[in-house]
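There are 2 protein chains.
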Amino acid sequence: MKILLTIAYVGTNYQGYQLQKDKPTVALMLNNAVKNAFGIECNVTGCSRTDSGVHALGYCATVEPKNSDDKITVPIEKIPLVLNLALPSDISVICAKYVSDDFHARYDVQKKEYVYKIHASTIRDPFLDKRVLEYGKEISDEKFKKMQKAASFYVGTHRFTSFMSAGSKIENTERTVYESYLTRDGENVEFHILANGFLYNMVRIMVGTLLDVEKGKIDENSIPDIISAENRSVAGSTAKADGLYLQKIFYFDS
Amino acid sequence: MKILLTIAYVGTNYQGYQLQKDKPTVALMLNNAVKNAFGIECNVTGCSRTDSGVHALGYCATVEPKNSDDKITVPIEKIPLVLNLALPSDISVICAKYVSDDFHARYDVQKKEYVYKIHASTIRDPFLDKRVLEYGKEISDEKFKKMQKAASFYVGTHRFTSFMSAGSKIENTERTVYESYLTRDGENVEFHILANGFLYNMVRIMVGTLLDVEKGKIDENSIPDIISAENRSVAGSTAKADGLYLQKIFYFDS
Chain A
1 MKILLTIAYV GTNYQGYQLQ KDKPTVALML NNAVKNAFGI ECNVTGCSRT DSGVHALGYC
61 ATVEPKNSDD KITVPIEKIP LVLNLALPSD ISVICAKYVS DDFHARYDVQ KKEYVYKIHA
121 STIRDPFLDK RVLEYGKEIS DEKFKKMQKA ASFYVGTHRF TSFMSAGSKI ENTERTVYES
181 YLTRDGENVE FHILANGFLY NMVRIMVGTL LDVEKGKIDE NSIPDIISAE NRSVAGSTAK
241 ADGLYLQKIF YFDS
Chain B
255 MKILLTIAYV GTNYQGYQLQ KDKPTVALML NNAVKNAFGI ECNVTGCSRT DSGVHALGYC
315 ATVEPKNSDD KITVPIEKIP LVLNLALPSD ISVICAKYVS DDFHARYDVQ KKEYVYKIHA
375 STIRDPFLDK RVLEYGKEIS DEKFKKMQKA ASFYVGTHRF TSFMSAGSKI ENTERTVYES
435 YLTRDGENVE FHILANGFLY NMVRIMVGTL LDVEKGKIDE NSIPDIISAE NRSVAGSTAK
495 ADGLYLQKIF YFDS
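Okay, here's the thing in structure tokens:
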């Protein structure tokens with residue numbers, strides 16, 4: 001028996017999702033909660049790494065008993081409630097469903113959607129503290145249109161080497177971006193991106209580049225050149241983790 | 255020269271607004287920021303006490319030099335920015351304007367508006383942690399209508415003794431409630447109340463009473479009797495501080 005959990009969390013207090021020795025991580029909290037709530041040893045498999053401070057609205061992870069003789073006896077519809085009692089209040093299981101035993105939380109990912117939130121105002125909003133990039137100024141309609149134009153160039157199948165932080169060991173940097181666009185609601189700007197996968201810091205570098213378009217440092221029409229340069233140094237800086245949300249995971253079978 | 259500040263803050267990390275010895279309070283942070291930003295001793299006067307953990311979207315406070323020979327030299331339009339650099343990121347000055355020297359932040363309050371936020375869902379939202387009352391279940395339309403009916407009885411001029419926590423030394427418990435209603439947007443329920451003043455814990459007890467109506471412990475039509483009983487024990491429990499927001503202060507002169 002394998003169960004797929006959908007999880008939301010505020011990433012501020014965690015060093016990302018994946019387990020790290022002696023550090024608070026979402027996976028550590030989830031492993032502990034599963035053990036306490038189900039009373040048996042389980043394997044917990046996450047869909048993705050996330051950076052320290054990054055948030056999630058729709059993270060996915062599977063849970064299954066380590067020993068095939070063991071069973072999770074909590075009824076499926078009660079699992080979110082039971083796990084949430086065992087989890088800290090900045091992590092919440094929002095949904096649980098059975099999946100087949102050969103389902104894999106990471107390998108079966110078809111598409112991932114991220115959202116990056118920017119608060120474009122001279123006056124910071126304390127309720128958005130650590131949950132957005134506080135840009136410190138307004139973004140004009142004209143600049144917003146340029147950013148929108150720039151974002152549209154991310155769509156397609158490209159080697160996104162220019163948008164990958166140094167230190168990544170990934171060799172195949174080709175990814176397919178299906179959607180890439182900005183929305184705005186007053187001072188709140190959101191960058192949405194849907195792709196079959198992401199390189200290390202890819203979304204944050206894409207956002208840093210869009211903000212360089214806003215600042216006039218990068219021309220909105222030069223994005224194709226930046227992509228084809230396959231050189232990290234020609235793209236913008238890496239926007240901070242605070243504004244990044246893993247929005248949704250799409251699986252092949254769902 | 256006297257300056258009126260409008261301030262938003264997340265109350266979670268503070269023991270309320272007002273200064274308390276050796277405790278973190280919003281007033282302490284504001285006093286320190288004013289001193290650091292303006293470089294002179296100032297009197298800071300808040301519009302109201304707030305309970306530990308209560309939030310504010312439109313708190314008001316005045317600032318004026320202690321010594322009448324001193325001047326605040328920062329241009330008025332720069333004051334929010336300058337103070338925000340000196341304040342922690344969970345407090346933000348959103349507006350500053352000059353007021354007359356005889357203006358008083360507390361005595362000149364005409365009306366105050368509070369909002370109380372309830373998340374009515376079996377699944378908690380980690381992004382609302384400490385920012386709402388997590389009710390732990392949904393509220394049906396039928397129950398919501400009963401709560402709405404109950405809330406409507408709060409409107410008017412009454413002695414709200416039943417809605418005042420024991421320990422308050424206030425003798426005149428008469429207050430005028432101008433508006434009292436609930437709104438809902440899916441799982442998010444808000445109680446709005448506008449009055450010429452509030453007794454100790456008044457909004458939180460009003461909310462606790464509305465939730466007792468939801469639970470069927472209190473009949474929605476018994477609110478007038480609860481008010482006229484002038485007895486704290488007949489009203490509902492005091493809802494936790496987490497969901498309470500000081501929304502707006504209305505002054506006589508504005």
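Residue numbers (the working numbering), protein chains in the order written: chain A, 1 to 254; chain B, 255 to 508. Glycine residues also receive a C-beta, built at the ideal position from the N, C-alpha and C atoms. None of these values were measured; they are calculated from a predicted model.
Item                                                                                                                                                                           : Value
Between which two residues does the alpha helix (DSSP H) holding Q148(A) run?                                                                                                  : 141–152
Using DSSP bridges, identify the partner residues of V44(A).                                                                                                                   : V63(A)
Counting only beta-carbon separations shorter than 8 Å, does T183(A) have a partner in chain B?                                                                                : no
Suppose the cutoff is 6 Å on Cβ atoms and the five residues either side in sequence are ignored; what does the same chain contact list for G265(B) look like?                  : G307, V308, H309
So for E428(B), helix, strand or coil by DSSP?                                                                                                                                 : strand
With distances taken from CA atoms, which of V63(A), D125(A), S140(A), E142(A) is nearest E134(A)?                                                                             : D125(A)
Please determine if the region 137–154 of chain A and the region 267–275 of chain B are in contact, where contact requires at least 3 C-beta pairs separated by less than 8 Å. : no
What are the residues that DSSP puts in a beta bridge with R184(A)?                                                                                                            : V189(A)
A120(A) and V189(A) look like a contact to me (Cβ under 8 Å); what is the Cβ gap, rounded to whole Å?                                                                          : 5 Å
Are the beta-carbon atoms belonging to I261(B) and I333(B) less than 8 Å from one another?                                                                                     : no
When DSSP labels each residue in this structure, what does I481(B) get in the three-state scheme?                                                                              : helix
Going by the DSSP bridge assignment, what does S92(A) pair with across the sheet?                                                                                              : A8(A)
Please confirm whether P478(B) has its beta-carbon closer than 8 Å to some beta-carbon of chain A.                                                                             : no
Between which two residues does the beta strand (DSSP E) holding F504(B) run?                                                                                                  : 498–505
Assuming L199(A) and R232(A) are in contact, meaning their beta carbons sit under 8 Å apart, how far apart are those beta carbons, in whole angstroms?                         : Not quite, the Cβ-Cβ distance comes to about 10 Å (not below 8 Å), so this is no contact.
Under 7 Å Cβ to Cβ from N338(B), same chain only, skipping five residues before and after it: list those, please.                                                              : S346, V347
I'd like to know whether the C-beta atoms of V213(A) and M147(A) end up nearer to each other than 8 Å.                                                                         : yes
When DSSP labels each residue in this structure, what does E392(B) get in the three-state scheme?                                                                              : coil
Can you pull out the residues from the region 378–399 of chain B whose beta carbon lies closer than 7 Å to at least one beta carbon of chain A?                                : R378, D379, P380, F381, D383
Which same chain residues, not among the five before or five after I372(B), have their C-beta less than 7 Å away from its C-beta?                                              : V386, L387, Y389, V443, G497
Taking just the CA atoms, how far does K240(A) sit from I205(A)?                                                                                                               : 9 Å
Does the beta-carbon distance from S180(A) to V207(A) come in below 8 Å?                                                                                                       : no
Quick one: which chain B residues come within Cβ less than 8 Å of P24(A)?                                                                                                      : The premise fails here: P24(A) is roughly 15 Å from chain B at the closest Cβ pair, so nothing lies under 8 Å.
Cβ atoms of A315(B) and V298(B): under 8 Å apart, would you say?                                                                                                               : yes
Run through DSSP, which three-state label would V409(B) get?                                                                                                                   : coil
Taking 8 Å as the threshold (beta carbon to beta carbon), is T122(A) in contact with chain B?                                                                                  : yes
I'd like to check one pair, L259(B) with A350(B): are the Cβ atoms closer than 8 Å?                                                                                            : yes
Can you give me the C-alpha to C-alpha distance between I193(A) and K366(B), rounded to a whole angstrom?                                                                      : 42 Å
Taking all protein chains shown into account, decide if A105(A) is buried (16 or more other Cβ within 10 angstroms of its Cβ) or exposed.                                      : buried
Out of G451(B), I480(B), E484(B), which has the shortest C-alpha to C-alpha gap to L500(B)?                                                                                    : G451(B)
So, for P319(B): in the same chain, excluding its five sequence neighbours on each side, which residues have a beta-carbon less than 6 Å away from its beta-carbon?            : I294, C296
Note down, in chain order, all residues in the region 263–295 of chain B with a beta-carbon under 8 Å from any beta-carbon belonging to chain A.                               : Y263, V264
If you follow the beta strand (DSSP E) that I372(B) is in, where does it begin and where does it stop?                                                                         : 363–373
Along chain A, in chain order, which residues have C-beta atoms closer than 7 Å to that of I345(B)?                                                                            : P126
Once you ignore the five residues that flank I480(B) on each side, which residues in its own chain have a CB closer than 8 Å to its CB?                                        : S416, T463, I472, V488, A489
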